[in-house]
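Chemist: Before anything else, here's the structure in question.
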Amino acid sequence: MKRFRNHITLVATIALLLAMVQVTFATTVDAGGNRIMVNDELINAPTASVNVDGVVLVPMRAVFEALGATVTWQKETKTVMIEKDNLTVMAPIGERIINVGGTPLEMETPAIIVGNQAMIPINTVVELFGAKITFPVVQGISVREDITPAEEQTYPFNLNPLPYTYDSLEPYIDEMTMNIHHTRHHNAYVNSANSGLAEFPQLHDLTSVELLAGFNDLPTDLPASVINTIRNHVGGHTNHELFWEVMSPALADNEMRMPAGELAARIDETFGNFEEFRNEFEEAAKSRFGSGWAWLVVDNGDLKVISTANQDSPYMEGQIPLLGLDVWEHAYYLTYQNMRGDYVSNFWFIVNWDEVARRYSEAK
Ligand SMILES: [Fe+2]
């Protein structure tokens, strides 16, 4: 109760502070994947909103800068400083108490780091700036919660929503291509995987990765149709979800995205430098005859660039995929027609290296 009273007092104090500095925020904040509507302006946040125990957190810098504030990171104290007119907010990562113009305010959950982005509970944004929050969400894609990644799914498999909207990767991949690719092609792999395995309950407790990693040791009495279902449709499902996850909206200045940290160092060590890696990956993608994929994988602890035909998965050969590029024509034809090379070289603008690095940290 005491905490509640304090809370009311703090909200009143903040309201007074905001009135004093005459800050006006006409405000709607929608959270949907990487896209957030702030004051009727749709921004591409570098990290998707997350839901922690029922509390939605949004990337601080993207949201507060869209609200007209200046956001700086104080490395020594691991604190985000947000300044708007005469109001200064200090938000230390990992702590529930933030400082608003000299007054402590308790948040629902601590600010956290996701990828390299500081995240703050969306309700705190409301309290600080009087924002109205709704979740009609762009094109029906909501903040994702309770999602089981394709790689951890067992029968029956399901199609997860994308972590961004269908137009988020433009101009590099167009909206219609993304829509058709996800709702029809990927969805068809999910449906075919489920119908193909429906009569084989002995396979229903295995995850998609277990089915693929055990592909060369499947029971010999399984019919060829089941073998093909695992290879083509379970493979297609897991390949496509990885593909969606390793992409994210291009940077605002259209700079090429680059890996960082340990993964970047390992790429340099393995391939010589990033350019050499990129050339090898592009060559794998361009030279794959017909339909298939180019991959960066971990193979026995080493990084490798490979390509696979059709929907064959690296897991089938004991490799762990980190980055994958779909070079089926359905992935690029509407924009690029026969120019697969242009599609491949534009891929680097939309690679989500945070996700690739996360996969690397689990696979190495
Ligand atoms: Fe595809």
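Residue numbers (mature numbering (1 follows the signal peptide of the UniProt record, and there is no 0)): -26 to -1, 1 to 338. Each residue gets a CB set at the ideal place from its N, CA and C atoms; glycine is no exception.
Between Ala283 and Met34, what straight-line distance do the alpha-carbon atoms span, to the nearest angstrom?
Modeler: Ala283 and Met34: Cα-Cα distance of roughly 42 Å.
Chemist: At 4 residues or longer, and completely inside the segment 235 to 286: list those alpha helix (DSSP H) runs for me, N to C.
Modeler: DSSP runs (the alpha helix (DSSP H)) wholly in the segment 235 to 286: 235 to 245, 248 to 261.
Chemist: Can you round the beta-carbon distance between His160 and His214 to whole angstroms, since I take them to be within the 8 Å contact cut?
Modeler: Right, their Cβ atoms sit about 4 Å apart.
Chemist: For a test of your reading of the model: does the CB of His159 fall under 8 Å from any non-hydrogen atom of ligand 1? Yes or no.
Modeler: Yes, since a heavy atom of ligand 1 falls inside the 8 Å radius drawn around the Cβ of His159.
Chemist: List the endpoints of the continuous alpha helix (DSSP H) containing Ile96.
Modeler: Start and end: 96 to 103.
Chemist: Using C-beta distances below 8 Å, list every residue in its chain close to Val(-4), excluding the 5 sequence neighbours before and after it, in chain order.
Modeler: Per-residue confidence for Val(-4) stands at a pLDDT of 34, beneath the threshold of 50, marking its modelled position as unreliable; the derived number appears in the next sentence. The residues are Lys58, Asp59, Leu61, Phe103.
Chemist: Where do the N-terminal and C-terminal ends of the beta strand (DSSP E) with Val318 fall, by residue?
Modeler: That residue, Val318, is in no beta strand (DSSP E); its alpha helix (DSSP H) goes 314 to 320.
Chemist: In three-state terms, what does DSSP make of Pro233?
Modeler: In the structure shown, Pro233 sits in coil (DSSP, three-state: anything other than H, G, I, E or B).
Chemist: How big is the Cα-Cα spacing for Leu225 and Thr151?
Modeler: If you take the alpha carbons of Leu225 and Thr151, they lie about 20 Å apart.
Chemist: So, for Ile56: in the same chain, excluding its five sequence neighbours on each side, which residues have a beta-carbon less than 6 Å away from its beta-carbon?
Modeler: Only Phe38, Ala43, Val45, Val63 meet the Cβ criterion.
Chemist: Under 9 Å, do Ala167 and Thr139 count as touching if we go by C-beta distance?
Modeler: No, these two residues do not count as a Cβ contact at 9 Å.
Chemist: Give a single yes or no on whether Phe131 has its beta carbon closer than 8 Å to a heavy atom of ligand 3.
Modeler: As for ligand 3, it is missing from this structure, which binds only ligand 1.
Chemist: Could you give the distance in angstroms between the alpha-carbon of Met313 and the alpha-carbon of Val301?
Modeler: Cα to Cα, Met313 sits roughly 11 Å from Val301.
Chemist: If you drop the 5 nearest sequence neighbours on each side, which residues of the same chain put their C-beta closer than 6 Å to that of Tyr129?
Modeler: So the list reads Leu171, His178, once near-sequence residues are dropped.
Chemist: Could you tell me the alpha carbon to alpha carbon distance between Phe263 and Gly275, rounded to whole angstroms?
Modeler: In a straight line, the C-alpha of Phe263 is about 28 Å away from that of Gly275.
Chemist: With a threshold of 16 other CB atoms inside 10 Å of the CB of Ile87, please say whether the residue is buried or exposed.
Modeler: It counts as exposed.
Chemist: On a CA-only basis, which of Trp47, Ala331, Met81 is nearest Arg240? Give me that one, please.
Modeler: Nearest of Trp47, Ala331, Met81 to Arg240, Cα basis: Ala331.
Chemist: Please state if the CB of Phe323 and the CB of Leu250 are separated by a distance shorter than 9 Å.
Modeler: What sits at residue 250 in the sequence shown is Glu, not Leu. Cβ distance not < 9 Å, so Glu250 and Phe323 don't count as in contact.
Chemist: Which ranges would you report for the alpha helix (DSSP H) in the segment 203 to 233 if only whole runs of at least 4 residues count?
Modeler: Qualifying alpha helix (DSSP H) stretches, in chain order: 209 to 219.
Chemist: Let me know the secondary structure DSSP gives Trp327 once reduced to three states.
Modeler: In the structure shown, Trp327 sits in a helix (DSSP, three-state: H, G or I).
Chemist: Would you call the CB atoms of Glu69 and Ala85 closer than 9 Å?
Modeler: Yes; because the gap between Cβ atoms is below 9 Å, this pair is in contact.
Chemist: Tell me where the alpha helix (DSSP H) around Asn190 begins and ends.
Modeler: Note, Asn190: premise wrong, no alpha helix (DSSP H); not H, not E.
Chemist: Between which residues of its own chain and Ala124 is the CB-CB distance below 8 Å, once the five residues before and five after are set aside?
Modeler: Excluding residues within five positions, the ones whose Cβ falls inside 8 Å are Phe131, Asn134, Ser182, His211, Thr212, His214, Glu215, Leu216.
Chemist: Given Val164, which residues of its chain have a CB within under 7 Å of its CB, disregarding the five upstream and five downstream residues?
Modeler: Excluding positions up to five away in sequence, the list reads Phe131, Asn132, Leu133, His211.
Chemist: Round the Cβ separation of Gln293 and Val271 to the nearest angstrom and send it over; I've been treating them as touching at under 8 Å.
Modeler: Right, their Cβ atoms sit about 4 Å apart.
Chemist: What did DSSP end up calling Asn161 once you bin it into helix, strand or coil?
Modeler: Three-state DSSP puts Asn161 in a helix.
Chemist: Measuring alpha carbon to alpha carbon, tell me which of Asn326, Leu299, Pro295, Val325 ends up nearest Lys338.
Modeler: Cα-wise, what sits closest to Lys338 is Pro295.
Chemist: Given this structure, state the Cα-to-Cα distance separating Pro193 from Asp316, to the nearest angstrom.
Modeler: Cα-Cα distance, rounded: 43 Å.
Chemist: Have a look at Ile67 and Asp191 and give me their C-alpha separation to the nearest angstrom.
Modeler: Approximately 47 Å, taken between the alpha carbons.
Chemist: Quick check on the DSSP output: the beta strand (DSSP E) that includes Ala65 runs from which residue to which?
Modeler: Its beta strand (DSSP E) spans residues 61 to 66.
Chemist: Just verifying my parser: in three-state terms, what is the DSSP assignment at Pro123?
Modeler: It is coil, neither helix nor strand.
Chemist: In three-state DSSP terms, what is Glu80?
Modeler: Here Glu80 sits in strand by DSSP.
Chemist: So Val45 is in the beta strand (DSSP E); what residue range does that whole segment cover?
Modeler: Segment 44 to 48, the beta strand (DSSP E) holding Val45.
Chemist: How would you label Gln91, buried or exposed, when you count the other beta carbons within 10 angstroms and need 16 or more for buried?
Modeler: Gln91 should be labelled buried.
Chemist: Just the C-alpha distance for residue 368 and Leu185, rounded to the nearest angstrom, thanks.
Modeler: A question about residue 368 goes unanswered here, because the residues of the chain that appear run from -26 up to 338.
Chemist: CB-CB under 6 Å to Thr309, same chain, minus the five flanking residues each way: which ones, in chain order?
Modeler: Contacts found: Asp148.
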